[in-house]
Each structure stands twice: as C-alpha cells, then as structure tokens.
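Under the numbering used here, the first residue of the sequence shown carries the number 261, and numbering increases by one thereafter.
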Amino acid sequence: EAIKGNRFISPIRIGEDHLPYVRVAIPYWQAGKKAGVLLSQVNLRGIWNIVDKIHIGERGILFLIAGDGLVIAHPDRRLVFKNVNIKRYPALRSLVSRSEDSVEFQTRKGKRYLASYVPVETLIPMGIIVQIETSEVYHLVHRMKTLIILVFCFSILICTAVSFFLAQRLVRPVKSLQRWSKKIALGDFDYHLPPKSSDEIGRLFITFKRMSERLKTARERERLAVLGEMTTSISHKLKNSIVSLKTFAQILPQRKQNEHFMER
261 EAIKGNRFIS PIRIGEDHLP YVRVAIPYWQ AGKKAGVLLS QVNLRGIWNI
311 VDKIHIGERG ILFLIAGDGL VIAHPDRRLV FKNVNIKRYP ALRSLVSRSE
361 DSVEFQTRKG KRYLASYVPV ETLIPMGIIV QIETSEVYHL VHRMKTLIIL
411 VFCFSILICT AVSFFLAQRL VRPVKSLQRW SKKIALGDFD YHLPPKSSDE
461 IGRLFITFKR MSERLKTARE RERLAVLGEM TTSISHKLKN SIVSLKTFAQ
511 ILPQRKQNEH FMER
C-alpha cells in the first residue's frame with residue numbers, strides 16, 4: 261500500500277512481549293518522485309492506557325480509530341483484537357465520512373447511543389469517537405433543565421425580596437408624611453419629622469415642614485384676630501354697663517327717697 265502511494269496502518273497484533281503493536285507504512289517523496297517508504301511498529305500500550313482513563317459521564321466512552329475505520333484503541337479489547345471496522349455500521353460510517361456531526365444508533369441489545377466524531381491531524385489519518393448512552397445524555401439535559409428552573413425561581417425570589425425591600429423603603433417615609441398630615445389636620449403644628457434622605461422624598465419632608473410652619477403662623481394670626489374681635493365686643497359691652505352704672509350713680513342721690521326706685 262505504501263509503495264502504491266497510500267498511507268497504511270495494520271490491524272492490532274500482540275508482540276512477543278505481550279504488548280499491542282500496530283504497523284505503520286508511509287510513502288515519502290523526494291524531488292517530486294517516490295523515494296521510498298517509512299516503516300514503523302508502534303506500541304499502543306500508552307494510547308490504550310490514556311483511552312482507559314477517559315470517562316464521559318457515567319457510562320460514556322472514547323475510542324480511537326484509523327482513517328479507514330479500523331478500531332485501534334477501545335475500552336473493550338475484544339473489538340480491537342477482532343479488528344472491528346466501524347464502517348461496517350451505517351450509523352457510524354456517516355460519522356467517518358463527515359456527512360453528520362453526531363448520530364444516534366441502537367445496538368443489538370436494544371441500548372441507544374449518541375456518538376460524535378473528531379478527526380485527529382497526524383501523518384496517519386485517525387479520529388476519536390465519543391460514545392454515550394442516549395438516556396444519560398437526556399438525563400444531563402433534564403438535570404440542566406431542572407437547574408435552570410431552580411435558578412430562575414431563585415432569581416424570582418431574590419427579585420421579589422429586593423422589590424419588597426425597596427417598596428418598604430419607599431413606602432415608609434410616605435406613611436410618615438401621612439401621620440404628619442393627620443397631626444396637622446388635628447391642629448398639632450409643633451409635630452415635626454426630620455428628612456430621611458436628600459432625594460425627592462427628603463425635599464418633600466422639608467416642604468411639608470415649611471407648610472406646617474406657615475399654617476401655624478396663619479393660625480396664630482387668626483387667633484389674634486379673633487381675640488381682638490372678642491376684646492372689642494367685651495369692652496363695648498363693659499362700656500355700656502359702666503355707663504349705666506354711672507348714670508344710676510348720678511341720679512341715686514336725687515331719688516333715694518323713692519322706695520320703688522330703690523327697690524328696683
């Protein structure tokens with residue numbers, strides 16, 4: 261195959277040291293002409309150890325294939341030693357041909373899997389297939405959905421709590437102004453509240469205080485006016501009474517002999 265100009269990777273074989281090996285042949289060119297073939301024998305033990313340590317979720321796996329679909333490293337060694345080629349399976353064949361990014365397929369045992377393929381850029385075409393049970397994928401989706409719902413509900417609770425706090429903070433000074441207005445309506449103009457802040461509510465407190473002081477001044481003026489009217493009326497009545505007493509006192513010496521007058 262290499263002499264023909266093709267890159268070649270052989271099936272897995274076990275060497276005398278009981279380790280897995282694969283033979284690789286690559287043609288090389290010089291001055292535009294085929295100059296020879298590079299041959300190598302690669303120990304796959306390290307790659308197998310890496311593949312064995314990679315876990316996707318709880319039951320997901322990762323395995324390595326050659327460019328022609330031959331399984332090179334797989335957690336299930338039987339598939340490697342049987343020289344399984346995934347191109348035999350239509351669902352996985354579409355992955356290697358890059359016609360689809362991911363496929364869902366069912367095994368003979370009835371289990372459904374979701375698989376995805378990523379090519380590896382090397383001198384020998386290879387690729388990685390990630391395979392995971394569909395139920396586990398959907399389980400992760402459901403968990404994410406539940407998590408999103410919980411986060412959404414928690415966000416609503418936080419927004420509600422913050423809104424309630426802000427509403428209480430805004431309503432509290434308004435209620436204070438309401439109590440103040442009731443005090444003013446009852447005539448208690450000496451009742452005052454300090455401004456709670458320097459914003460519009462605080463300026464409203466200052467305006468309310470000025471209005472209370474003006475109302476107090478107006479009430480004092482009204483009280484003085486009423487008092488003046490009362491004083492004038494009382495003084496007028498007292499004057500009339502005093503004039504009557506004066507007149508009576510003046511005629512008393514002249515009519516003291518009149519018993520009827522004195523009795524009255």
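Ideal placement from N, C-alpha and C gives every residue a C-beta, glycine not left out. On a predicted model such as this, the values are computed, not experimentally measured, just so you know.
Interface flag, residue i vs chain C, CB-CB below 9 Å
| i | result |
| --- | --- |
| I314 | Absent from the structure: chain C. Only one protein chain is present. |
Residue i versus residue j: straight-line alpha-carbon distance, rounded
| i | j | result |
| --- | --- | --- |
| P287 | A351 | 32 Å |
| F468 | H496 | 42 Å |
| G488 | E482 | 10 Å |
| P433 | I461 | 7 Å |
| K443 | V503 | 47 Å |
| T507 | T491 | 24 Å |
| Q514 | K476 | 57 Å |
| L299 | I269 | 10 Å |
| T406 | P379 | 34 Å |
| S472 | Q428 | 26 Å |
| G370 | W289 | 49 Å |
| F365 | A333 | 21 Å |
| Q445 | S493 | Reading the sequence as shown, one finds Ala at residue 445 and not Gln. Distance between the alpha carbons of A445 and S493: 30 Å. |
| G306 | F414 | 47 Å |
| N372 | T394 | Going by the sequence as given, residue 372 is Arg instead of Asn. Their backbone Cα atoms lie some 6 Å apart in a straight line. |
| R358 | S376 | 10 Å |
| H278 | P271 | 16 Å |
| L430 | I314 | 57 Å |
| E276 | N345 | 25 Å |
| I409 | R337 | 42 Å |
| F521 | Q510 | 14 Å |
| N518 | R524 | 10 Å |
| L324 | V411 | 38 Å |
| F424 | K435 | 16 Å |
| L498 | D459 | 58 Å |
| N303 | N309 | 11 Å |
| M404 | Y398 | 10 Å |
| T382 | A291 | 23 Å |
| A485 | S501 | 24 Å |
| L512 | R474 | 56 Å |
In DSSP terms, what residue i is bridged to
| i | result |
| --- | --- |
| A285 | F268, L299 |
| Q510 | None, per the DSSP bridge assignment. |
| K294 | W289 |
| I274 | P280 |
Closest residue to residue i among the options (Cα-Cα distance)
| i | options | result |
| --- | --- | --- |
| I392 | I321, F425, P379 | I321 |
| R479 | T382, I332, G447 | G447 |
| W440 | C413, L426, D459, R470 | R470 |
| D312 | I389, P513, P335 | P335 |
| I274 | K342, D328, G292 | K342 |
| R368 | Y349, E519, A509 | Y349 |
| L374 | L417, I389, E519, L304 | I389 |
| Q438 | L464, I418, L426, F425 | L464 |
| K293 | S501, G265, W308, N309 | G265 |
| V356 | G387, I418, Y398 | G387 |
Beta-carbon contacts of residue i that lie in its chain and below 6 Å, excluding the five residues immediately before and after
| i | result |
| --- | --- |
| G317 | I392, E396 |
| Q301 | Y281, R283 |
| A285 | A262, F268, V297, L299 |
| P385 | G327 |
Residues near residue i by beta carbon distance below 7 Å, same chain, minus five either side
| i | result |
| --- | --- |
| L339 | V331 |
| A421 | none |
heavy atom of the ligand GDP below 8 Å from residue i C-beta
| i | result |
| --- | --- |
| N309 | The model depicted lacks the ligand GDP and carries no ligand whatsoever. |
Residues near residue i by beta carbon distance below 8 Å, same chain, minus five either side
| i | result |
| --- | --- |
| L400 | G317 |
| R319 | I392, E393, E396 |
| Q419 | The residue you asked about is not Gln; residue 419 is Cys in the sequence shown. Taken in chain order, the list of residues that qualify is empty. |
| K516 | M522 |
Sequence ranges, alpha helix (DSSP H) only - wholly within the region 369-445, length at least 4: 394-445
Please specify which runs of the alpha helix (DSSP H), each continuous and at least 4 residues long, are wholly inside the region 315-368, giving them in chain order. Runs found: 337-341, 350-356.
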